[in-house]
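Only one structure is covered here, and it is reproduced in the block below.
2 protein chains.
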Amino acid sequence: MASIKQRIIMEPIGYVKRLSKFEDVKDETLECDIIIYERFLDALEGIESFSHIFVIYWLHLVSEDSRRIYKVHPKGKRDLPLVGVFSTRSPNRPNPIGLTLVELLARRSNILTVRGLDALDETPVLDLKPYSRHDKAENFKAPDWWGGKLQLKL
Amino acid sequence: MASIKQRIIMEPIGYVKRLSKFEDVKDETLECDIIIYERFLDALEGIESFSHIFVIYWLHLVSEDSRRIYKVHPKGKRDLPLVGVFSTRSPNRPNPIGLTLVELLARRSNILTVRGLDALDETPVLDLKPYSRHDKAENFKAPDWWGGKLQLKL
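Read top to bottom, the protein sequences are chains Y and X. Under the working numbering, think of the first position of the first sequence as 4, with each following residue one higher. Under the working numbering, think of the first position of the second sequence as 4, with each following residue one higher.
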């Protein structure tokens, strides 16, 4: 039965390396590196043929207490409604997993240079996946507070 | 230092419930439910305002041995080149995390009905994230074998 409490154990495949710990990670024009541990080198073969990949990472600075926050004001803005964390991309969530689509600019052996990764220096990386046509939302609808170019008014 | 071996521990937030264990999960027209454990009910508030969400799940049937497979023929097709697992969406990967963008059709309390989730019955779910404009790849390029409508020839 799926209701039994389970523990799932993962190990990082690498980590994020930024030029400085003080970069604004929300600046989408910034580049950074992902260092993949050398034992996974074979698993990278061919990834340089993709222009975009998803990076799945572990938000290692989120505390145990923050994992028990279930409602937030999106982006910390008090004028936005209090909503469930699964309705946001907040780092505070039961499993603090980060997901970002990045541009893959180059690969040198086990080092990937990417643009648009909003993860801090030394963030552990869990997985990499190439973008696919199934990742495209057709007729995407979102609440007003979500904003963004893709939003269609209801 | 980020190079020290770390273990990351997660707990499922819920699981996938399909009408039958024998459904073809690759059939994108099929609907299924995601049962979120009731203790996370608050975290769902507002999610029904989104038409599309990412489901992040744990491929629980992938064996320890399969986690050490680093190269595969995409989709098991021998006529496609042998590439690294990070260049594919293969379930065989060091951390068998699944990522699927689904249509969110309805929410009844802690139960979400979705379309397009290619996860088996009883698959543990780790996280839910609303789709955002940052998840859209502009000028996506991929190798020929990847296929799909979004591909632009190089």
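Heads up, the beta-carbon is just placed ideally off N, CA and C, and yes, glycines get one too.
Helix or strand or just coil, what does DSSP make of residue i?
i      : result
Y/K24  : coil
X/F89  : helix
Y/R111 : strand
Y/G150 : coil
Y/L62  : coil
X/H1   : Look at the range of chain X in this structure, 4 to 157, and you will see that residue 1 of chain X is not part of it.
Y/D45  : helix
Y/I50  : helix
X/D138 : helix
Y/F143 : coil
Y/R96  : coil
Y/R10  : coil
Y/R118 : strand
X/L155 : For X/L155, the predicted structure reports a pLDDT of 40, less than 50, and the residue's modelled location is therefore unreliable. The matter cannot be settled from this model.
X/M4   : Because X/M4 sits at a pLDDT of 47, beneath the cut-off of 50, its placement in the model cannot be relied upon, and the following sentence gives the value as read from the coordinates. In this structure, X/M4 counts as coil in the three-state DSSP scheme.
Straight-line CA distance for residue i to residue j?
i      : j      : result
Y/E34  : Y/D130 : 19 angstroms
Y/D45  : X/G17  : 33 angstroms
X/K80  : Y/I11  : 30 angstroms
X/D30  : Y/E26  : 43 angstroms
X/L62  : X/K24  : 15 angstroms
Y/P15  : Y/T126 : 9 angstroms
X/H55  : X/A140 : 16 angstroms
Y/V75  : Y/G150 : 17 angstroms
Y/W148 : Y/H137 : 26 angstroms
X/S112 : Y/R42  : 44 angstroms
Y/Y60  : Y/Y134 : 16 angstroms
X/E48  : Y/Y73  : 9 angstroms
X/G87  : X/R70  : 13 angstroms
Y/S93  : Y/L83  : 13 angstroms
Y/N142 : Y/T32  : 27 angstroms
Y/M4   : Y/M13  : In this predicted model, Y/M4 has a pLDDT of only 47, less than 50, meaning its place in the structure is not dependable enough to derive any value.
Y/Q158 : X/Q9   : Shown here, chain Y extends from 4 to 157; a query on residue 158 of chain Y therefore has no answer.
X/L85  : Y/L85  : 48 angstroms
Whose CA, out of the options, lies closest to the CA of residue i?
i      : options                        : result
Y/P77  : Y/V105, Y/F89, Y/S69           : Y/F89
X/R21  : X/W61, X/D36, X/E31            : X/D36
Y/V58  : Y/S112, Y/V28, Y/L120          : Y/L120
Y/I114 : Y/E14, Y/M13, Y/I39            : Y/I39
X/V28  : X/M13, X/A140, X/R118          : X/R118
Y/A109 : Y/R136, Y/V19, Y/S52           : Y/S52
X/E67  : X/N95, X/T116, X/L83           : X/N95
X/L107 : X/V19, X/I50, X/M13            : X/I50
Y/L123 : Y/L64, Y/T32, Y/E48, Y/Q9      : Y/L64
X/P146 : X/T91, X/I72, X/T116           : X/T91
X/K144 : Y/V105, Y/N142, Y/F143, Y/K144 : Y/V105
X/T116 : X/P84, X/V19, X/Q9             : X/V19
Any C-beta of chain A sitting closer than 7 angstroms to the C-beta of residue i?
i     : result
X/E48 : Protein chains Y and X are contained in the structure displayed, whereas chain A is not.
Evaluate contact between the stretch 117-135 of chain Y and the stretch 96-104 of chain X, counting only Cβ atoms and requiring at least three cross-stretch pairs below 8 angstroms. Touching, per the Cβ criterion.
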